[in-house]
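See structure below.
So, in structure tokens, the structure goes:
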């Protein structure tokens, strides 16, 4: 990899924050997670076009197992459920960065929350849509609602 | 609670194949539908034990009556909860008592040792240059098909495991070597593909890029054997067959969501001419379903007897997938001959003798088991001798010992193994000698947390792109752990890991920043890039260029050893300069000729003087003291000069390497350690503003033990003086052009005198331009 080939990607967190707010409004309007799934669906499709696996962008909290009935379907919904399982502990940490930024969202802006989710999960730049989806969901149902949902990720959170 | 909730719970339940551990948090009873939970409570008032659930004895009439009275969803929930444990135990047996299992754990062990002993520098480079990049995506160094040592082998193992777990589409190429096209099996055209250029297999139709992989074999066998167990539980009649078929269609649907579980089942369904399991069960009853489930488990068992390693005469012998294909082809032939009864072991022995096995050079079961025993023993010995992490050493020793015992017992019996091919689907049939077999099914203790954490870290390092803040510290704390080194901080562990690294990198990964240093003695690469903290700043940056280097050369047992210490580097461009391997001779290239390039510190240099230091131990980014450098330089000078002569070396500098330091370059370019001056000129050619030459007055040599360059504003010069020179006894001169010429002339004179006094001739300048400097 020659130096000249290094492609430093950057994130416009203001734009990402605006996207998250828009997504939150859609979740509010529809009272469902469908807009979140749709956003992640299109992200998964984008990655497929690049011949990449969406799950590889997320941190693993344990070695992946073999199991009784592990769903291999790769779409927005399963991706969100995977995030809930692997990222719940760090995202919902009472002392964590995400909660802190969320509590100051009016001063700092939503972009700061997206940034803190990126940092907390250690996501690469390409995974901004994942952080946007998480923050959109948090804005819509609150961090408490998100964490409750994430502890047993069903199709819909109780408060959506 | 509902069946939906139970499915969600089961869908998240996993058996960890490396750690060999079940999901500790699973509590199925609490999420069962109430009626199903009541059935459990009435059938097993004390709560079911593992044995209760895993035996295939038919339920008595009363129990069956209770079962039949349940609603459809409740019955399915009962079957799932009864079958769950057997399913997971099939995985455990398959991974502990088969040649594939030996390969899996053996490779994992060797991969782990490779990462712990040889991977530190590679990982450090990854961390500083492309921290989100999974190790899997680093291309192999060499385009060799067979590798046996060092980083190539580590890389091959990483790709093998990625192929196992399900590599992304970009790692899956069409065709088998030079043989493209499709493989027709049971009337289905399957697209041939090769994964990571290592694993030939076929795509699963309609499954979004999923390919037939060992996981497919493992899951198919677990589903099939558990189906058999449930069939027997329910009495083995046609009612039972329909129930089990409904259970399978309930939990493994839609089929595109469960390709690993369904692929072989569906292929066999095609053989039986049916579209789904329920149709088969309704139309052909228990006999039909039993035949199908047995066929899947038998063919899968054949696949799991692939040898742990291929040999050059039969490279496909190690492919579980190709063995599955061969066994399926033989089965199709067998059924086509009008046979309806499948006896597992005789059938598989016949496959070994068949044309397909002969063409591919597949070995029979006994030979495979013999080799597996040899392999597992070898890996176990290596683990005991080489694994530096006590937790991982103990884990692998436990697993490999267990495998050794099982394979040894099995070698006389070939494919016959009650836990592998149980007639009624219950793997507990294999528990014939509890004193020997108990460990095959259950561990008394779960694996310790450090073992589980290692396999999570490994997954992230090798295959994932996410890097949470705790990732690198935890990784280094694990890699840098060895007996007697507990309680280290992650930074200390990191330094320890780097200092222990046997192979620290090879060319081809980041050629811009790296350099292959050939050692005549070992013929291997030993390379150290700019240290991590420096490179971190490189990309954080911004204040303008600033490079400081110190370097020297030391003699070590007759071998020239060049040591480089980089103070700090702040821009990418500077890194490129430092490690440039362009056509003109740079410092690094000059150092290559010396033999090795390593980082050194005071302690390291002192150890060199005492003759106690192995080169690989030198890797500490601490400033070398003047006193130590002095001795080290002196020791190396004669050898370095001889090296120059032997190579007929001459100086060719870039045209841009002009005044004010050409003189110094010419002079010091001849006199060891004056390659630093070459470097200086090279930097100058890239438009440096200032150059510093630091002389250490106590040195007897006419040159300078340490040449430090600073590029850019004089602030860096001041900083250097304040931070690095103070207290060392060194002097700092910021030279004008005329001062540099004067100094260089004097140094040239002294260098010539020195050379002549050693009978090595002298330097003759025919021109003052550096390109004309040559040896007499």
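Protein chains in written order, with the working numbering: chain A, 1 to 160; chain B, 161 to 936. Built from N, CA and C at the ideal position, the CB exists for glycine as well.
> Using the beta-carbon count (16 or more within 10 Å), is residue 190 of chain B buried or exposed?
Replying inline: exposed
> Is the distance from the Cβ of residue 182 of chain A to the Cβ of residue 257 of chain B below 8 angstroms?
Replying inline: The question about residue 182 of chain A has no answer, for chain A in this structure spans 1 to 160.
> How about the stretch 316-329 of chain B and the stretch 373-393 of chain B: do they share at least three Cβ pairs that are nearer than 8 angstroms?
Replying inline: yes
> So which residues on chain A does residue 235 of chain B lean against when the C-beta distance must stay under 9 angstroms?
Replying inline: Near residue 235 of chain B there are no residues of chain A at all, since even the closest Cβ is about 17 angstroms away, more than 9 angstroms.
> What are the boundary residues of the alpha helix (DSSP H) that residue 505 of chain B is part of?
Replying inline: Where residue 505 of chain B is concerned, the enclosing alpha helix (DSSP H) stretches over 504-513.
>> I'd like to know if residue 88 of chain A contacts chain B, where contact means its C-beta is closer than 8 angstroms to some C-beta of that chain.
In response: no
>> Counting only Cβ pairs nearer than 8 angstroms, list the residues of chain A close to residue 629 of chain B.
In response: Those are 119, 120 and 122, listed as they occur along chain A.
> Looking at the C-beta of residue 370 of chain B, does it have a partner C-beta in chain A at a distance below 8 angstroms?
Replying inline: Among the CB atoms of chain A, one or more fall inside 8 angstroms of the CB of residue 370 of chain B.
> Apart from the five residues just before and just after residue 164 of chain B, which ones in its own chain have a Cβ nearer than 6 angstroms to its Cβ?
Replying inline: none
>> Is it buried or exposed, residue 519 of chain B, if we count other Cβ atoms within 10 angstroms and call 16 or more buried?
In response: exposed
> Span of the alpha helix (DSSP H) holding residue 176 of chain B?
Replying inline: Unbroken run through residue 176 of chain B is the beta strand (DSSP E), 174-176; no alpha helix (DSSP H).
>> Less than 8 angstroms between the C-beta atoms of residue 577 of chain B and residue 590 of chain B, yes or no?
In response: Yes; because the gap between Cβ atoms is below 8 angstroms, this pair is in contact.
> Is residue 116 of chain A closer than 8 angstroms to residue 98 of chain A when the C-beta atoms are compared?
Replying inline: yes
>> For a test of the three-state rule: what should DSSP assign to residue 346 of chain B, helix, strand or coil?
In response: In the structure shown, residue 346 of chain B sits in coil (DSSP, three-state: anything other than H, G, I, E or B).
>> Beta carbons nearer than 8 angstroms to chain B: which residues of the stretch 61-77 of chain A have them?
In response: 61, 62, 63, 64, 65, 66, 67, 68, 69, 70, 71, 72, 73 and 74
>> Closer than 8 angstroms is the cut-off here; do at least three beta carbon pairs connect the stretch 452-461 of chain B with the stretch 415-426 of chain B?
In response: yes
>> If I follow the unbroken beta strand (DSSP E) through residue 359 of chain B, where does it start and stop?
In response: If you look at residue 359 of chain B, you'll find it in the beta strand (DSSP E) that goes 359-362.
>> Can you give me the C-alpha to C-alpha distance between residue 125 of chain A and residue 11 of chain A, rounded to a whole angstrom?
In response: 7 angstroms
>> With a threshold of 8 angstroms between beta carbons, is residue 85 of chain A in contact with chain B?
In response: yes
> Based on the DSSP output, what are the partners of residue 371 of chain B in its beta bridges?
Replying inline: B:363
> Is residue 129 of chain A close to chain B, meaning its C-beta is less than 8 angstroms from at least one C-beta of that chain?
Replying inline: Not a single CB atom of chain B sits nearer than 8 angstroms to the CB of residue 129 of chain A.
>> What residue range does the alpha helix (DSSP H) around residue 497 of chain B cover?
In response: Neither: residue 497 of chain B is in no alpha helix (DSSP H) and is coded neither H nor E.
>> In the DSSP assignment, the alpha helix (DSSP H) including residue 194 of chain B goes from what residue to what residue?
In response: 194-203
> Does DSSP classify residue 43 of chain A as helix, strand or coil?
Replying inline: helix
> Hey, residue 195 of chain B and residue 230 of chain B: beta-carbon distance below 8 angstroms or not?
Replying inline: yes
> Taking the DSSP output, what are the residues bridged to residue 50 of chain A?
Replying inline: Residue 50 of chain A pairs with nothing; no bridge assigned.
> Out of A:148, A:140 and A:122, which has the shortest C-alpha to C-alpha gap to residue 29 of chain A?
Replying inline: A:140
> Who are the Cβ neighbours of residue 340 of chain B in its own chain at under 7 angstroms, not counting the five residues just before and after it?
Replying inline: 334 and 352
> Who are the Cβ neighbours of residue 557 of chain B in its own chain at under 7 angstroms, not counting the five residues just before and after it?
Replying inline: These residues qualify, in order along the chain: 540, 543 and 544.
> What residues in the stretch 48-61 of chain A have a beta carbon less than 9 angstroms from any beta carbon of chain B?
Replying inline: 48, 50, 51, 52, 53, 55, 56, 57, 58, 59, 60 and 61
> How big is the Cα-Cα spacing for residue 269 of chain B and residue 280 of chain B?
Replying inline: Rounded to the nearest angstrom, the two C-alpha atoms are 16 angstroms apart.
> Does any residue of chain A bring its CB to less than 8 angstroms from the CB of residue 212 of chain B?
Replying inline: Not one chain A Cβ lies under 8 angstroms of residue 212 of chain B.
>> I need the straight-line Cα distance from residue 176 of chain B to residue 608 of chain B, nearest angstrom please.
In response: 13 angstroms
>> Going by DSSP in three states, residue 530 of chain B sits in which element: helix, strand or coil?
In response: helix
> With 8 angstroms set as the bound, which would you pick, yes or no: does the beta-carbon of residue 334 of chain B sit closer than that to a beta-carbon of chain A?
Replying inline: no
> Among the residues of its own chain, which have a CB less than 8 angstroms from the CB of residue 100 of chain A, if the five just before and after it don't count?
Replying inline: Cβ neighbours of residue 100 of chain A beyond the five flanking positions: 116.
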